[in-house]
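Written below as structure tokens is the structure these notes are about.
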Amino acid sequence: MLEVRKIKAVYSDVVLGVSEVSLTVPDGEAVALLGSNGSGKSTTLKSISGVLATEDGEVTEGEVLFDGVRIDRLAPEETARLGICHVLQGRSAFTHLTTEENLLMGAYLRRDRRRVAEDLEKVYSYFPALKARRRQMSGYLSGGEQQMLVIGRAFLFGPRLMLLDEPSLGLAPMIVEEIYRILRRINAQEETALLIAEQNARAALAMASRGCVLQNGRVVSEGPAERLLEEAHLALPSKVAGSSVQSPTENRPSSV
Amino acid sequence: MRKSRAETDIRRHIALVENRRQWTALAILMALLLLLPHLLRWIGAGGWLMFTNFTLLTVVAVLGLNVITGMCGLISLGHSGFIMLGSYGVAILTVQLGWPFWAALAVSTPATAAVAAIVALPAVRLKGFYVAVVTLAFFFIAQYVFKNLPLAGSFHGLVGVPPPRLFGWKVRTETAWYYLFFAAAVLSVLASANIARSRFGRAFCAVRDNSVTAAGLGIHVGLAKIRAFFLGGLFAGLAGGLWAAYVSVVRLDQFSLWDSIWYVGMIIIGGGGSTAGAVAGVVLLRLLGQILRTATMGGWLPLNSNAVAALTYAVYGLAIVLFAMFQPHGLMAIWGKLRARYKSWPFGV
Amino acid sequence: MTVFLQLFLSGLLLGGVYGLIAMGFVITYRSAGVFNIAYGQFAVLGAFMAWVFLGSPTAPRMPFVPALALTLAAAVVFALAIERFLFRRMIGKPVVASFMLTLGLLAVLHSVVMLVWGARTTAIATPLPKGPLFLGSIVLAREYLLASGLALLLAAGLAAFFRFTRLGLAMRAAYENQTAARCLGVRARRVAQIAWVLCAVIATAGGIIIASVIGVSLLLSELVMVVLAVVLIGGMDSLGGCLVGGLILAVSQQLASYYLNPLLPGVDGIVSMVLIVVILLIRPTGLFGTRAIERV
Numbered sequence: 009m010l011e012v013r014k015i016k017a018v019y020s021d022v023v024l025g026v027s028e029v030s031l032t033v034p035d036g037e038a039v040a041l042l043g044s045n046g047s048g049k050s051t052t053l054k055s056i057s058g059v060l061a062t063e064d065g066e067v068t069e070g071e072v073l074f075d076g077v078r079i080d081r082l083a084p085e086e087t088a089r090l091g092i093c094h095v096l097q098g099r100s101a102f103t104h105l106t107t108e109e110n111l112l113m114g115a116y117l118r119r120d121r122r123r124v125a126e127d128l129e130k131v132y133s134y135f136p137a138l139k140a141r142r143r144q145m146s147g148y149l150s151g152g153e154q155q156m157l158v159i160g161r162a163f164l165f166g167p168r169l170m171l172l173d174e175p176s177l178g179l180a181p182m183i184v185e186e187i188y189r190i191l192r193r194i195n196a197q198e199e200t201a202l203l204i205a206e207q208n209a210r211a212a213l214a215m216a217s218r219g220c221v222l223q224n225g226r227v228v229s230e231g232p233a234e235r236l237l238e239e240a241h242l243a244l245p246s247k248v249a250g251s252s253v254q255s256p257t258e259n260r261p262s263s264v
Numbered sequence: 065m066r067k068s069r070a071e072t073d074i075r076r077h078i079a080l081v082e083n084r085r086q087w088t089a090l091a092i093l094m095a096l097l098l099l100l101p102h103l104l105r106w107i108g109a110g111g112w113l114m115f116t117n118f119t120l121l122t123v124v125a126v127l128g129l130n131v132i133t134g135m136c137g138l139i140s141l142g143h144s145g146f147i148m149l150g151s152y153g154v155a156i157l158t159v160q161l162g163w164p165f166w167a168a169l170a171v172s173t174p175a176t177a178a179v180a181a182i183v184a185l186p187a188v189r190l191k192g193f194y195v196a197v198v199t200l201a202f203f204f205i206a207q208y209v210f211k212n213l214p215l216a217g218s219f220h221g222l223v224g225v226p227p228p229r230l231f232g233w234k235v236r237t238e239t240a241w242y243y244l245f246f247a248a249a250v251l252s253v254l255a256s257a258n259i260a261r262s263r264f265g266r267a268f269c270a271v272r273d274n275s276v277t278a279a280g281l282g283i284h285v286g287l288a289k290i291r292a293f294f295l296g297g298l299f300a301g302l303a304g305g306l307w308a309a310y311v312s313v314v315r316l317d318q319f320s321l322w323d324s325i326w327y328v329g330m331i332i333i334g335g336g337g338s339t340a341g342a343v344a345g346v347v348l349l350r351l352l353g354q355i356l357r358t359a360t361m362g363g364w365l366p367l368n369s370n371a372v373a374a375l376t377y378a379v380y381g382l383a384i385v386l387f388a389m390f391q392p393h394g395l396m397a398i399w400g401k402l403r404a405r406y407k408s409w410p411f412g413v
Numbered sequence: 009m010t011v012f013l014q015l016f017l018s019g020l021l022l023g024g025v026y027g028l029i030a031m032g033f034v035i036t037y038r039s040a041g042v043f044n045i046a047y048g049q050f051a052v053l054g055a056f057m058a059w060v061f062l063g064s065p066t067a068p069r070m071p072f073v074p075a076l077a078l079t080l081a082a083a084v085v086f087a088l089a090i091e092r093f094l095f096r097r098m099i100g101k102p103v104v105a106s107f108m109l110t111l112g113l114l115a116v117l118h119s120v121v122m123l124v125w126g127a128r129t130t131a132i133a134t135p136l137p138k139g140p141l142f143l144g145s146i147v148l149a150r151e152y153l154l155a156s157g158l159a160l161l162l163a164a165g166l167a168a169f170f171r172f173t174r175l176g177l178a179m180r181a182a183y184e185n186q187t188a189a190r191c192l193g194v195r196a197r198r199v200a201q202i203a204w205v206l207c208a209v210i211a212t213a214g215g216i217i218i219a220s221v222i223g224v225s226l227l228l229s230e231l232v233m234v235v236l237a238v239v240l241i242g243g244m245d246s247l248g249g250c251l252v253g254g255l256i257l258a259v260s261q262q263l264a265s266y267y268l269n270p271l272l273p274g275v276d277g278i279v280s281m282v283l284i285v286v287i288l289l290i291r292p293t294g295l296f297g298t299r300a301i302e303r304v
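In order, the protein sequence lines correspond to chains A, U and F. Numbers given in my numbering equal positions in the first sequence, counted from 1, plus 8. Numbers given in my numbering equal positions in the second sequence, counted from 1, plus 64. Numbers given in my numbering equal positions in the third sequence, counted from 1, plus 8.
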């Protein structure tokens, strides 16, 4: 479904983001994209969704193919219309919109009203905390609740491929578990493919089928998830990027 | 501070003139400028001397705006108002109270700066457009005050500001004015360059670029803003006072909001923050205006005076639009890119 | 007492018009993030275009409805052109650069009007009910009555648009986080186009209304100072705030003009400026604004 072929992404003509990065996400599978701060995970996701261009970036080499069609020059609105939903890093909720309005924005492109209403109820069943706060301004939700909101919004989008940028960032372990439980459900029931960029390698590899590790903008390791998990246990912490063998609570936010 | 080699001595790093080559270039430039009136007359363009004098005064004024807007990042649309204060200050003191010119200038200039500092007070807590709006409001309020102040002569303004005396002579000829204004401009350029490389200047840039971080570094953001406005007001007051003596009549309709906008445009076009950029912006826009005027009045494009004014606005506005869209960092950025390309040729940037 | 009531009601009506005009400014600020200081020129341009089609009362040209339609069409074309050729490039650039652009645009538009129509003042032929309306001993301007009604209707319509329609929700979301909205399929260009079209249409409508009272001239561009005062008082991103701000400004102007003018002649002209300074000192976000200043 998604094929990233040896892309080189550059910011402002002079800052190298990633170089010779290749990965694939087969239909309906979950792939983990791992690496520490600054390793190029976000850049890779942005190159796929088109957000890169909004930050004065460009894919100067290689290509990104979705169902065989080149998408690396498309704007985010256009990749969205192809079924790719990019969940940005940090809580990207629309702060002055209510919880429900946020979720409905997920369904912006959808025409099937009844299904949307059903899916909305499904989201509320996944995240009861959101239902309790459905008419509150989302800016007042806690960090964990906002992340749930953002994922619920992506679910309502009904994507074929969901790109998630560090969904566990700065969240308590219990919430991280809950979020990954829901992601697993979305992946299984809706057959939505997932590409999850994470520093928390253990959580991501636990649900992914494959993984790809970045360091300094290059791929240093990839393969089935089980193998990567083994490598992580055998190798020293510094080898498999970042905090993969530390507990999630020691993740530090990568941006102010 | 645009060195290409790493310097280990801070004094050499921020030196205004870097090496012998630059000293010679500077000496030649100064010699040319000092001889300018005679050169102009020699090629029969003596009429351009008046234009040069106005441009020099604009340079002084806009260098002040450069401190406020270019260095400190506070958009000021009221700069014309500060100049107006300087002019009226000198005019009131000389015409109404009979003071000699230099004394009037010595009082009016810091007074203008003080008012500018007061205008900065609301801006202390604000950012961006809000500051611009405050300065706009100041301009209109100042205009209202002077319109209704009998001391300021209301509509008719004040007539008869005396020319300054230098070593016993009255400054009367264009050439004499030129040397006076040239001295003022040189002083202003030096002052501006020194502000830029001083503690204050660095604080201004910090406030402009990221005031939260600046505060975290111990820079008192509010005080820096007030200081920036004070300094800007000094330049403007000086320019205004000199101008009052030059034209000897000070009237309300000589100061308009449009002038404030052109000054900001000069800063944008020249390149915000640098002394050279401000001067470049002033010279470019003034030259454009003058060329337009001589072309239209001189018969190439027959237009009446209203149309000339309109065309000037259009040209200035277009220049601002183009730079805002394509090169918001101005001529200095273009120059910098050219230099970088020259230095790294044939490898490219 | 009746004097006060007279002043208050006149201010009320005028305030409605001010509020209406200010909404155009707020929309571009909210949706395109642009502080459009050239807004006054939009109004002048719109009024002159209307005059071209409508003519003056002594020399009318076209009937009102087709003339208005043509004027609004021209406004739409103008807005789309501005969005396409000027502001589309500025997406993602710092807000200050857009502000500089509007400064330059201010000068260019002003000069265009000066070159095409000169510094004239001319009356415009509109079928707006003119003349005074007498309520007992209170005199009100009929033109402003209609305009205020329009303003309220427009405010309600816009509020409904933003709150209840999909597109309105998308525009609000785009203002909060443009990138996230785009990732959900919201077209940044479409949002910008709609914002500019609304801005130009409202500016034109406001320009025509004010021109029907004071005539079409370059002086209309002074409206931008009124608009600035209104949006600062009401809050830069609040449509309802525009009405409240307009009210406060207009009533203050009326009161100042009656009570203070004898002492300080002409002070009602700078009431807007004084209010700006006051509101920026005590409550910079305005009465209904929701953004923290740091966002700017």
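Glycine included, C-beta positions come from ideal geometry on N, C-alpha and C. These numbers come from a predicted model, not from an experiment.
Taking the straight line between their C-alpha atoms, what separation do you get for residue i and residue j?
i, j, result
"U:L302", "F:V103", "32 Å"
"A:T62", "A:F102", "18 Å"
"A:V72", "A:G91", "15 Å"
"U:L244", "U:F390", "38 Å"
"A:S20", "A:D64", "5 Å"
"U:S408", "U:C269", "28 Å"
"A:R235", "A:L41", "14 Å"
"U:A196", "F:T187", "28 Å"
"A:N259", "A:L177", "With a pLDDT of 45 at A:N259, under the threshold of 50, the predicted position of this residue should be treated as unreliable, though the coordinate-derived value follows. Taking the straight line joining both Cα atoms gives about 7 Å."
"U:L103", "F:M244", "55 Å"
"A:L191", "F:V282", "57 Å"
"A:A140", "A:V158", "16 Å"
"F:M70", "F:A77", "11 Å"
"F:A58", "F:L251", "25 Å"
"U:L419", "U:M330", "Given that chain U is displayed from residue 65 to residue 413, the structure contains no residue 419 of chain U and the question cannot be resolved."
"U:A288", "F:M233", "28 Å"
"F:L177", "F:S39", "11 Å"
Under the rule that 16 or more other beta-carbon atoms within 10 Å means buried, what is residue i, buried or exposed?
i, result
"F:A46", "buried"
"A:E206", "buried"
"A:I79", "buried"
"A:Q155", "buried"
"U:V343", "buried"
"U:M396", "buried"
"U:A206", "buried"
For a cutoff of 8 Å on Cβ pairs, would you count residue i as touching chain A?
i, result
"F:R150", "no"
"F:R92", "no"
"F:T173", "no"
"F:L295", "no"
"F:R38", "no"
"F:R180", "yes"
Counting only beta-carbon separations shorter than 8 Å, does residue i have a partner in chain F?
i, result
"A:V184", "no"
"A:F135", "no"
"U:F293", "no"
Hey, is residue i's beta-carbon within less than 8 Å of any beta-carbon in chain U?
i, result
"F:M57", "no"
"F:A127", "yes"
"F:V85", "no"
Check each residue of the segment 190 to 222 of chain F: if its Cβ is closer than 8 Å to any Cβ of chain A, include it; give the result in chain order. R190, C191, L192, G193, V194, R195 and A196
Quiz prompt | Every unbroken beta strand (DSSP E) within the segment 116 to 192 of chain A, with a cutoff of 3 residues, ordered by chain | solution = 169 to 173
In the segment 59 to 143 of chain F, which residue ranges form an unbroken alpha helix (DSSP H) of at least 4 residues, counting only runs that do not cross its ends?
72 to 90 and 103 to 125
query: Can you list the alpha helix (DSSP H) stretches of 4 or more residues lying completely in the segment 142 to 170 of chain U, in chain order?
result: 143 to 155
Q: Determine which residues of the segment 96 to 119 of chain F have a Cβ less than 9 Å from any Cβ of chain U, and write them out in chain order.
A: R97, M98, K101, P102, V103, V104, A105, S106, F107, M108, L109, T110, L111, G112, L113, L114, A115, V116, L117, H118 and S119
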